[in-house]
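Have a look at the structure below, then the notes.
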Amino acid sequence: MKYELIYIIDTAVEEEERKALIERFNDLIKTNEGAVEKVEEWGKRRLAYPINDKPEGYYVLVNFSAPSSLPKELERILGITEPIMRYLVTRVEEKTSKVKPRSAPAPRAFNRDGEAEAPAAQQPSDEQSAK
12 MKYELIYIID TAVEEEERKA LIERFNDLIK TNEGAVEKVE EWGKRRLAYP INDKPEGYYV
72 LVNFSAPSSL PKELERILGI TEPIMRYLVT RVEEKTSKVK PRSAPAPRAF NRDGEAEAPA
132 AQQPSDEQSA K
């Protein structure tokens, strides 16, 4: 299954330690029969609201595929790792390109003047027009 992991690292962490943390989580995925597909370091960003009285955090996004048991273990380890301020693991749905057919409107008949005629069920009968 494919997953997406995003986590926020405290900005007080030194660059070397931050890189070691990122590598640690990537190795954790690999050692548990997973495969890291893409790692995006978004860098330091302002938080929507302060977390632990800190207005900024270092964002990291990881796309990976792994067995369904790995996300729970990953969340457990992220939760006890002190420099991690927040994290979220989500399953990514496979993209499908199913196109739903649209129903075309019923064709309408036009008279010689170009005006649309009423459907056959609503046209006046000969008996009613003779009265």
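Adding 11 to a residue's 1-based position in the sequence shown gives its number in the numbering used here.
Built from N, CA and C at the ideal position, the CB exists for glycine as well.
Remark: C-beta atoms of G68 and D21 approach each other more closely than 8 Å.
Around the C-beta of V71, 16 or more other C-beta atoms lie within 10 Å, and the residue is accordingly described as buried. Pairing P94 with K106, the inter-Cα distance amounts to about 34 Å. Following the DSSP letters along the chain, one finds A59 inside the beta strand (DSSP E) bounded by residues 46–62. Annotation: K83 is outside any beta strand (DSSP E); the continuous alpha helix (DSSP H) that includes it extends over 81–91. The segment 75–92 makes contact with the segment 34–52; the number of CB pairs closer than 8 Å reaches 3 or more. Here G45 is buried. Its C-beta has 16 or more other C-beta atoms within 10 Å. In the structure shown, the three-state DSSP call for K106 is coil.
In the three-state reduction of the DSSP assignment, R35 falls in the helix class. The Cβ atoms of P66 and R57 sit closer than 8 Å to each other. In this structure, P82 is the residue among P82, T92, S114, R113 with its C-alpha nearest to the C-alpha of L99. Within its own chain, the residues whose Cβ lies closer than 8 Å to the Cβ of P78, once the five positions on either side in sequence are excluded, are M12, N43, E44, G45, listed in chain order.
The closest CA to that of Y60, considering only E84, E104, R97, is found on R97. Between E27 and T101, the C-beta spacing is not below 8 Å.
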